[in-house]
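Numbering (UniProt numbering), first residue to last: 1 to 720.
In structure tokens:
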């Protein structure tokens, strides 16, 4: 009887062509909205799709669940079902299971997106599988609640309205709108009751057992109340159970209470490819080398606005993880709001009360609060006055701990003749133990652990070349940022250089910069330009997207970066142990100067092929490493500030040349998803419209075939 009920419910949803039409049209609208943001972001992530799911299923599930009980009550088919030896539990459970399966298949067909786009970018499949699992739990959440509401009435439209309003309110309770809906005293409980935060955490790859149990508890509680509702219709003890109606009601209430307090349940699993929610090996190494006590003091406010709660959760997760790793580290949360003495002491350290904006329907107000961190050792301390964001919070904290507990400095010699010095930028990108000193060309007073050459114009003397080469052979690392052509932004022209001095140094390793510039019409960056109509953003072929090698551990996951005005690098036959760190896409090509830098006047390339533009020779046992980058613009604030991957790549390129790579390992974990790269514009549009039209079309075609088959069966004449 159990499987019969399941087959009956599944057949009910799969034989109607109207269901296929609704699924197809709805999916088409969702895919249209998704692709608008997907191509704008141009990253290998489905966050935009999963961000639509709570709102989508809040509307779609009531449309399908409204008749699950209400229609059967109205048509009296429920009475017929009651006449059979089947329990209320069986009826409700199989109805919920059937609807969840159907809705799960509806959501699951979108998994074709990462499969189709897998050759254009690398997706984090751990996150994707977690997000689809979270979607299944979200569907179960809505289906169980809406089935309960359907059991309370015989009117399907009334069931739809009640379900939709309930779903909408539950979602709004997980947003900033909760401030407008409820008194402040119940807001924390309302947030825990909303599925939004639980779904977001699970879909990001942070599998907290508390979040999974939340969805299970809500579903179990709703099913229990639905069973109670059916038992009242039946007018007797719950069929097939020794439980009374009131016992079932109590069980349902306990499940709901358990869901509200599910956040107290410990345990989590990090399924992200980069282990974003787990302390990196570099952090564990730094903590393991601590030989003194370190105290982490988080100063916060007990009742932060709901919008700040995810940030606080991330902060507490990182700090508690650091403290669990070593007995030398302790972590505590302090609340200075009502402690004037503590507030005065914190103000001397730079940690002051901040204003958190609170928006309501009637006013715009500011709530005072703290969100700062102090790191204390026996001899010194460091503070983060206000934690703005958490994407690189682990790196920030570990940099300060490393600075407090590690007395060794890394000396960086910076040699440049560029129009703009990057010494200040280096100070921002690198931890404070990196000491940057500027030097002139051909000055033989270099003593640094890392030597950086940036945009060199003066010919290098043989004595100087020999001096630098000997430093590298003795353990200093060499980084070169230079172009093979002149980039004149005043005239808007790319012209040939009279000479390329840096090649006289690089020839010692059989490496050289080409006197050309790379261009890519298909895989490039969006750049702002001034025009007669104001500022416009255009795709710029001379800023191609580069593909980062995943064979170098510290760059694993940083799959693409922007390459502003970059020249290819030639690796000679005698270049020992050199490897390509970054190369252009196969749709790129070389341009010979002179030509205009204007985006509308960039000439087309004669031939297309991938070229190395950043090459790396890793550190040896006693000799230093060498990195050559065919662009002086890469070492600039313009490049580093454009996106997180650029700054991350630049910082790691410098830090990989130092002896201590622990901080670079931590930094590598904090990154944005890789960019999408396409072989042509046609491929990009073919993928988009193929999925937007093809997937909904297939669903409608399948529905039409089911409808046609049923009509053929209906026309059969059976002879007695």
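Even for Gly, the Cβ is constructed at its ideal location relative to N, Cα and C.
Pull up the distance between the alpha-carbon of residue 240 and that of residue 89, whole angstroms please. At residue 240, the pLDDT of 48 sits below 50, so the modelled position is not reliable; the number obtained from the coordinates is stated separately. Each residue's alpha carbon lies about 8 angstroms from the other.
Beta strand (DSSP E) segment containing residue 268, residue limits: Note, residue 268: beta strand (DSSP E), 268 to 270.
Of the residues 122, 99 and 71, the one placed nearest residue 136, counting alpha carbons only: When each option's Cα is compared against that of residue 136, the closest is 99.
Answer yes or no: do residue 414 and residue 437 have a C-beta to C-beta separation smaller than 8 angstroms? The Cβ atoms of residue 414 and residue 437 lie closer than 8 angstroms to each other.
8 angstroms Cβ cutoff met for residue 147 and residue 251: Taking 8 angstroms as the Cβ cut-off, residue 147 and residue 251 do not qualify as a contacting pair.
C-alpha distance - residue 430 paired with residue 374, whole-angstrom precision: Roughly 20 angstroms between the two C-alpha positions.
Among 516, 474 and 43, nearest to residue 606 - alpha-carbon criterion: Residue 516 holds the alpha-carbon nearest to the alpha-carbon of residue 606 among 516, 474 and 43.
For residue 597 and residue 193, the rounded distance between their alpha carbons: Taking C-alpha positions only, residue 193 is separated from residue 597 by approximately 56 angstroms.
Roughly how many angstroms separate the alpha carbons of residue 316 and residue 288, rounded to a whole number? Residue 316 and residue 288 have their C-alpha atoms some 20 angstroms from each other.
Relative to the C-alpha of residue 585, which candidate in 595, 546 and 562 has its C-alpha closest? Cα-wise, what sits closest to residue 585 is 546.
Just to confirm, is the Cβ distance from residue 208 to residue 228 under 8 angstroms? Not a contact, by the Cβ cut-off of 8 angstroms.
Extent of the continuous alpha helix (DSSP H) to which residue 709 belongs: 681 to 715 is the extent of the alpha helix (DSSP H) around residue 709.
Where does residue 100 fall in DSSP's three states? DSSP places residue 100 in helix when its eight states are reduced to three.
Select from 519, 345, 595 and 583 the residue whose C-alpha is nearest the C-alpha of residue 491. Residue 595 is the option with its Cα nearest to residue 491.
Could you round the C-beta distance between residue 433 and residue 378 to whole angstroms and report it? I think they count as a contact, below 8 angstroms. Between residue 378 and residue 433 the Cβ distance is about 19 angstroms, and since that is not below 8 angstroms, they are no contact.
CB-CB under 6 angstroms to residue 364, same chain, minus the five flanking residues each way: which ones, in chain order? Note that residue 364 scores 49 on pLDDT, short of 50, meaning its location in the model is unreliable and no value can be drawn from it.
Pull up the DSSP beta-bridge partners for residue 332, would you. Note: residue 332 sits in a beta bridge opposite 297.
What is the rounded straight-line gap between the Cα of residue 296 and the Cα of residue 322? If I take the Cα positions, the gap works out to 9 angstroms.
Burial state of residue 576, where buried means 16 or more other Cβ atoms lie within 10 Å: So residue 576 ends up on the exposed side.
Residue 354 in three-state terms, based on DSSP: In the structure shown, residue 354 sits in a strand (DSSP, three-state: E or B).
Below 8 angstroms, can you find three or more Cβ-Cβ pairs linking the segment 547 to 556 to the segment 482 to 497? In short, these stretches do not touch, since the Cβ pair count stays below three.
Residues that DSSP places opposite residue 139 in a beta bridge: Per DSSP, none; premise fails for residue 139.
Any heavy atom of the ligand SAH within a distance shorter than 7 angstroms of the CB on residue 157? Among the ligands in the structure shown, none appear at all, so the ligand SAH cannot be discussed.
Which residue wins for smallest C-alpha separation from residue 114, given the options 330, 481, 131 and 23? Nearest in C-alpha terms to residue 114, of all of 330, 481, 131 and 23, is 131.
Closest Cα partner of residue 324 within the set 34, 279, 312 and 338: Of 34, 279, 312 and 338, the residue nearest in Cα terms is 279.
Determine the closest residue to residue 774 out of 566, 151, 509 and 621, with distance taken between C-alpha atoms. Residue 774 falls outside the range modelled here, since the chain spans only 1 to 720, and no answer is possible.
Quick test of the definition: if touching needs 3 or more C-beta pairs under 8 angstroms, does the segment 553 to 573 touch the segment 518 to 537? Contact between the segment 553 to 573 and the segment 518 to 537 is present, because at least three Cβ pairs lie under 8 angstroms.
Span of the beta strand (DSSP E), counted from its first residue to its last, around residue 411: Element bounds for residue 411: 410 to 416.
With H, G and I counted as helix, E and B as strand and the rest as coil, what does DSSP make of residue 496? Strand at residue 496.
What does residue 402 pair with, by DSSP beta-bridge criteria? Beta-bridge annotation (DSSP): residue 402 is not paired with any residue.
Could you tell me the alpha carbon to alpha carbon distance between residue 475 and residue 439, rounded to whole angstroms? Pairing residue 475 with residue 439, the inter-Cα distance amounts to about 19 angstroms.
Rounded to whole angstroms, how far is the Cβ of residue 664 from the Cβ of residue 645, which I believe are closer than 8 angstroms? Not a contact, Cβ separation roughly 14 angstroms.
Beta-carbon gap between residue 477 and residue 624 smaller than 8 angstroms: In contact: residue 477 and residue 624 (Cβ atoms closer than 8 angstroms).
Given a cut-off of 8 angstroms, decide if residue 259 and residue 167 are closer than it, judged by their beta-carbon atoms. No; because the gap between Cβ atoms is not below 8 angstroms, this pair is not in contact.
Roughly how many angstroms separate the alpha carbons of residue 455 and residue 272, rounded to a whole number? Looking at the two C-alpha atoms, the distance is approximately 39 angstroms.
Among 326, 173 and 539, which residue has its Cα nearest to the Cα of residue 601? Of the candidates 326, 173 and 539, the one whose C-alpha sits nearest the C-alpha of residue 601 is 539.
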